[in-house]
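Heads up, the thing below is written out as C-alpha cells.
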Amino acid sequence: MGTRTTEKQTDDETTVPAQAATETAAIPEATEAEAAGKAAAKADEQADDNAALAAQDEASDLDAGDGTDEPGNGPDTAPVTTSTGIAAGAGAVVAAGLGVASVSGTWLGTTLAERANLMGQIKLQSGKAQAAEQISAVYGASWHTNALVNGFFALLAVIAAAVVLTRSRATWVRAVAWGGLALGALGILISAGMYLDLFGSMPTVPKMPAGGGGGPAAP
Numbered sequence: 017m018g019t020r021t022t023e024k025q026t027d028d029e030t031t032v033p034a035q036a037a038t039e040t041a042a043i044p045e046a047t048e049a050e051a052a053g054k055a056a057a058k059a060d061e062q063a064d065d066n067a068a069l070a071a072q073d074e075a076s077d078l079d080a081g082d083g084t085d086e087p088g089n090g091p092d093t094a095p096v097t098t099s100t101g102i103a104a105g106a107g108a109v110v111a112a113g114l115g116v117a118s119v120s121g122t123w124l125g126t127t128l129a130e131r132a133n134l135m136g137q138i139k140l141q142s143g144k145a146q147a148a149e150q151i152s153a154v155y156g157a158s159w160h161t162n163a164l165v166n167g168f169f170a171l172l173a174v175i176a177a178a179v180v181l182t183r184s185r186a187t188w189v190r191a192v193a194w195g196g197l198a199l200g201a202l203g204i205l206i207s208a209g210m211y212l213d214l215f216g217s218m219p220t221v222p223k224m225p226a227g228g229g230g231g232p233a234a235p
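Positions 17 to 235 (this note's numbering) are the ones given, in order, by the sequence shown.
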C-alpha cells in the first residue's frame with residue numbers, strides 16, 4: 017500500500033511539470049501569432065492609407081494641370097495669356113490714336129496737301145488754263161489729298177479696333193477699342209465728305225457780264 021501511494025505521487029509530480037511546460041510553450045506561440053496578425057493588419061491599413069494619399073495627390077495634380085476652372089493655372093498658359101493681354105491693350109491704344117489722327121488731321125496729310133498745291137502752281141505756270149482748272153489744281157488737289165490721307169488713317173483705326181474686339185478682352189481694352197472704332201468710323205465719314213465736296217463746293221470764278229463795258233457812261 018505504501019509503495020503504490022508513493023509511485024502515484026511521483027507520477028503526479030512528473031505530470032504536473034510536463035503540463036506546465038506544455039502550457040508555457042503554447043503561450044508564446046499564441047502571442048507570436050497574435051502579434052503577427054496585428055502587424056499584418058497594421059501593414060494593410062498603412063498600405064490603404066498610402067493608396068488613398070497617392071490617389072488624392074494624383075487628383076490634385078490633374079486639377080492643377082487642367083487650367084479650365086481658373087485661367088492661367090498652368091506654367092505654360094500664364095506667359096501666353098499675359099503677352100496676349102499686352103498685345104490686345106496695345107492694339108486698342110493704337111486704334112484710338114489712329115482714330116484721333118483721322119479726325120484731327122496728320123502731319124503726313126498736311127505735307128502731301130502742300131505738295132499737291134505746289135505741283136498745281138507749277139502746272140499753271142507751264143501753260144494757259146481756265147479759271148476752274150486753276151482752282152482745281154491749286155486748291156482742289158491739296159484738299160482732296162488731305163482727305164485721302166485722313167481716310168486711310170481712319171480705315172486703319174477701324175481695322176485695328178475690329179481685330180481687338182474679335183475676342184473677349186479686359187474691360188478697359190474693349191472700351192478703348194470701341195472708342196477707336198467710333199473715331200475711325202467718324203474719320204471715314206469726314207474724309208468722304210471732304211473728298212466729295214459735301215461740306216463745301218469748289219470755289220468758282222463769277223462770269224463777266226456780256227459786252228464787257230465796265231466803265232461809266234460818257235456825259
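Ideal placement from N, C-alpha and C gives every residue a C-beta, glycine not left out.
If you're wondering where the values come from, they're calculated on a predicted model, not measured in any experiment.
C-beta atoms of Ala173 and Gly115 nearer than 8 Å:
Within the sequence shown, residue 173 is the residue found at index 157, counting from 1. Within the sequence shown, residue 115 is the residue found at index 99, counting from 1. The answer is yes: Cβ separation under 8 Å.
What did DSSP end up calling Leu181 once you bin it into helix, strand or coil?
Here the question's residue 181 lines up with position 165 in the sequence shown. Coil, per DSSP.
Through-space distance from Gly53 to Ala41, alpha-carbon basis
The sequence position of residue 41 within the sequence shown is 25, counting from 1. The sequence position of residue 53 within the sequence shown is 37, counting from 1. Note on Ala41: pLDDT 48, under 50, position unreliable in the model; the coordinate value appears next. Looking at the two C-alpha atoms, the distance is approximately 19 Å.
Buried/exposed call for Ile204, threshold 16 Cβ in 10 Å
Indexing the sequence shown from 1 puts residue 204 at position 188. By the 10 Å Cβ count, Ile204 comes out buried.
Output needed for Asn1: all residues of its chain with C-beta closer than 8 Å, excluding positions within five of it in sequence on either side, in chain order.
Because the chain here runs from 17 to 235, residue 1 falls outside it and cannot be looked at.
By the 10 Å Cβ neighbour count, where 16 or more other Cβ atoms means buried, how is Leu197 classified, buried or exposed?
In the sequence shown, residue 197 corresponds to position 181, counting from 1. So Leu197 ends up on the buried side.
Under a three-way DSSP split, which group does Lys54 fall into?
If you number the sequence shown from 1, residue 54 lands on position 38. Of the three classes helix, strand and coil, the one that applies to Lys54 here is helix, per DSSP.
Can you say whether Arg185 is buried or exposed, counting buried as having 16 or more other CB atoms within 10 angstroms of its CB?
On the sequence shown, residue 185 is found 169 positions in, with the first residue counted as 1. By the 10 Å Cβ count, Arg185 comes out buried.
What is the rounded straight-line gap between the Cα of Met135 and the Cα of Val192?
Residue 135 sits at position 119 when you count from the first residue of the sequence shown. Residue 192 sits at position 176 when you count from the first residue of the sequence shown. Cα-Cα distance, rounded: 40 Å.
If I'm right that Ile206 touches Val119 with Cβ under 8 Å, what's the distance once you round it to whole angstroms?
Taking the sequence shown and counting its residues from 1, the one referred to as residue 206 is at position 190. Taking the sequence shown and counting its residues from 1, the one referred to as residue 119 is at position 103. Between Val119 and Ile206 the Cβ distance is about 6 Å, and since that is below 8 Å, they are a contact.
Contact under 8 Å by Cβ, Ala129 with Thr100
The residue labelled residue 129 in the question sits at position 113 within the sequence shown. The residue labelled residue 100 in the question sits at position 84 within the sequence shown. Cβ atoms of Ala129 and Thr100: not closer than 8 Å.
Cβ-based neighbour list, Ala163, same chain, cut-off 6 Å, excluding 5 preceding and 5 following
In the sequence shown, the residue the question calls residue 163 occupies position 147. Hits under 6 Å: Ser207, Met210 and Tyr211.
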